[in-house]
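Using my numbering, the letters of the sequence shown map in sequence onto residues 715 to 1090.
Reviewing the structure listed below.
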Amino acid sequence: MEGAGAIGQFGEARAGEIDTTNQPLLEQLRSEGYLLLPAPAEPHAHLDKALTADLVANPSGDLLGAIRGWVAHRSTISKEDFIERAERAALMGLANGFTAIRTHVDLATDAGTTGVEALLEVKARLAGRVDLQLVALTGRPASGAAGADNLALLREALDMGVDVVGGCPHLDEDPEACTHTALEIAAEFEKPIDLHTDETLDPTHLELELLADAVASSGFMFGATASHCVSLGMQTESVQRRVAEKVAAAGVSVVALPQTNLFLQARGQRVAPPRGLTALAALGEAGANVCAGADNLQDPFCTVGRADPMETAALMVMAGHDRPEQAYERVSAASRKAMGLPPTTDVLAIRAATLREAIASAPADRVVVRDGQRVT
Ligand SMILES: [Zn+2]
715 MEGAGAIGQF
725 GEARAGEIDT
735 TNQPLLEQLR
745 SEGYLLLPAP
755 AEPHAHLDKA
765 LTADLVANPS
775 GDLLGAIRGW
785 VAHRSTISKE
795 DFIERAERAA
805 LMGLANGFTA
815 IRTHVDLATD
825 AGTTGVEALL
835 EVKARLAGRV
845 DLQLVALTGR
855 PASGAAGADN
865 LALLREALDM
875 GVDVVGGCPH
885 LDEDPEACTH
895 TALEIAAEFE
905 KPIDLHTDET
915 LDPTHLELEL
925 LADAVASSGF
935 MFGATASHCV
945 SLGMQTESVQ
955 RRVAEKVAAA
965 GVSVVALPQT
975 NLFLQARGQR
985 VAPPRGLTAL
995 AALGEAGANV
1005 CAGADNLQDP
1015 FCTVGRADPM
1025 ETAALMVMAG
1035 HDRPEQAYER
1045 VSAASRKAMG
1055 LPPTTDVLAI
1065 RAATLREAIA
1075 SAPADRVVVR
1085 DGQRVT
């Protein structure tokens, strides 16, 4: 069972196994020395924050420092600026192979729905090239009487056309109520849920188990995803196993986000800092769907990043000890499963001899093909 995880269970074309019969463009690309891969999908982005690293400071370098800097800056951003950066970031991703991107977008009473309006505009502009899914990142608090304004904004965003209900229970005063409220509203609107979950090294946070229990007991059927799940990596093996089995049984997908977690977590811990990754082995052994994404792109939450599936895959090889094939499956088939998308017929052609070389070298020479046509 070692590393079994999500690998090879989706029946999707694997590296080097793409059928090029009656596909002259793909046949030509293969003959020119390109490696043909099922196109990757980014399961967790923040296009509204992207490319602001030179504008927003994060002196402490941790999550709360990033949030402080971002919130102070957020209300000054125009709709046009949101659109310009988000579109530029999505096109960086497309050039690197992504034909589907799930992006969270902030909702907050000080900023209203400007970001949502902007991202809906970007989604329309990119139709046919990159399929965008928008997650409403509900402001805090997101439960009870104190959360009424934020929950009203969430409903407004869903009415506007946002695809997924999101939030951050681990930062809420009442994580349990926050989780249940998010699930109830998602069920009411018949939308999937994707929560930032346990994005902390503090093992007293285990909202992932709470989410898995709530999904199982409520029979929620619209798709549930938990992003980060950092603190699961800090639990004992028996706790990891218990939670992983519940996550797998409830059909909750987990998104590992090595880039931002390595950047934000364990700041100031000089001795043996943890890697900040979720419990990949336990989740894999339990049969849970575990995909991988980049999270932030050159913003105060992570000042580097290239919107590149090969970058995320390389980090999963180095920090998560995945095999190259396993890492690529996490940024492609497993990501699409977490996003509720069917296996793709989109193809990334990349100038490399093997998948390992493609991940290691991340060559810029790439062609993205959708429906037999070049889109890059
Ligand atoms: Zn995030």
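For glycine and all other residues, C-beta sits at the position ideal for the given N, C-alpha and C.
In this text, all values refer to a predicted model and were calculated from it rather than measured experimentally.
8 Å CB neighbourhood of residue i in its chain, flanking five on each side removed
{"i": "Arg1065", "result": "Gly747, Tyr748, Leu749, Pro1077, Asp1079 and Arg1080"}
{"i": "Ala672", "result": "There is no way to answer for residue 672, as the model of the chain reaches only from 715 to 1090."}
{"i": "Leu821", "result": "Thr827, Gly829, Val830, Ala850, Leu851, Thr852, Gly853, Asn864, Leu867, Leu868 and Ala871"}
{"i": "Pro889", "result": "Pro883, His919, Glu921 and Leu924"}
{"i": "Thr911", "result": "Pro883, His884, Glu921, Leu922, Leu925, Ala940, Ser941, His942 and Cys943"}
Same chain, Cβ closer than 6 Å to residue i, five either side skipped, listed in chain order
{"i": "Ala727", "result": "The predicted model places Ala727 with a pLDDT of 40, which falls under 50 and marks its position as unreliable; any figure quoted below should be read in that light. Pro752."}
{"i": "Asp824", "result": "Ser789"}
{"i": "Ala729", "result": "Annotation note: pLDDT 49 at Ala729 (below 50); position unreliable, no value reported."}
{"i": "Thr895", "result": "Ser857"}
{"i": "Gly842", "result": "none"}
{"i": "Asp1085", "result": "none"}
{"i": "Ala771", "result": "Gly783"}
{"i": "Gly722", "result": "Here the model assigns Gly722 a pLDDT of 43, short of 50, so the residue's position is not dependable, and the following value carries that caveat. Taken in chain order, the list of residues that qualify is empty."}
{"i": "Leu777", "result": "Leu978"}
{"i": "Ala709", "result": "No information on residue 709 is available, as it lies outside the stretch 715 to 1090 that the chain covers here."}
{"i": "Val1089", "result": "Arg843 and Val1082"}
{"i": "Phe1015", "result": "Ala780 and Thr974"}
{"i": "Asp845", "result": "Ala814"}
Cutoff 7 Å; reference residue i; Cβ partners in own chain excluding five residues on either side
{"i": "Gly990", "result": "Leu915, Val944, Asn975, Leu976, Gln979 and Ala980"}
{"i": "Met715", "result": "Because the pLDDT at Met715 is just 34, under 50, the model does not fix this residue reliably, and the point stays unresolved."}
{"i": "Glu831", "result": "Lys793"}
{"i": "Ala963", "result": "Ala930"}
{"i": "Gln737", "result": "Gly1086"}
{"i": "Leu885", "result": "Arg854"}
Contact test: residue i Cβ vs ligand 1 heavy atom, cutoff 7 Å
{"i": "Asp1009", "result": "yes"}
{"i": "Ser941", "result": "yes"}
{"i": "His884", "result": "no"}
{"i": "His919", "result": "no"}
{"i": "His910", "result": "yes"}
{"i": "His1035", "result": "no"}
{"i": "His894", "result": "no"}
{"i": "His760", "result": "yes"}
{"i": "His787", "result": "no"}
Nearest-angstrom beta carbon gap, residue j and residue i [assumed within contact, 8 Å]
{"i": "Thr817", "j": "Val849", "result": "7 Å"}
{"i": "Ala1021", "j": "Val1031", "result": "Going by Cβ atoms, the distance from Ala1021 to Val1031 rounds to 18 Å, so no, they are not a contact pair."}
{"i": "Met1024", "j": "Ala814", "result": "Between Ala814 and Met1024 the Cβ distance is about 17 Å, and since that is not below 8 Å, they are no contact."}
{"i": "Ala707", "j": "Leu971", "result": "A question about residue 707 goes unanswered here, because the residues of the chain that appear run from 715 up to 1090."}
{"i": "Glu904", "j": "Phe936", "result": "6 Å"}
Element boundaries [alpha helix (DSSP H), containing residue i]
{"i": "Asp795", "result": "Lys793 to Ala809"}
{"i": "Pro738", "result": "Pro738 to Ser745"}
{"i": "Ala958", "result": "Glu951 to Ala964"}
{"i": "Cys892", "result": "Pro889 to Phe903"}
{"i": "Ile1073", "result": "Leu1069 to Ser1075"}
{"i": "Pro661", "result": "The structure shown has nothing for residue 661, since the chain only spans 715 to 1090."}
{"i": "Thr1058", "result": "First-last for Thr1058: undefined, no H or E at that position."}
{"i": "Thr828", "result": "Thr828 to Leu840"}
{"i": "His787", "result": "Leu777 to Arg788"}
Bounding residues of the beta strand (DSSP E) (the contiguous stretch that carries residue i)
{"i": "Gly881", "result": "Val878 to Gly881"}
{"i": "Ile815", "result": "Ala814 to Asp820"}
{"i": "Ala771", "result": "Taken as a continuous stretch (DSSP letters only), Ala771 belongs to no beta strand (DSSP E), as it is neither H nor E."}
{"i": "Ile907", "result": "Ile907 to Thr911"}
{"i": "Gln847", "result": "Asp845 to Leu851"}
{"i": "Val1089", "result": "Per DSSP, Val1089 belongs to no beta strand (DSSP E) and is neither H nor E."}
{"i": "Glu756", "result": "Ala755 to Ala759"}
{"i": "Val968", "result": "Ser967 to Ala970"}
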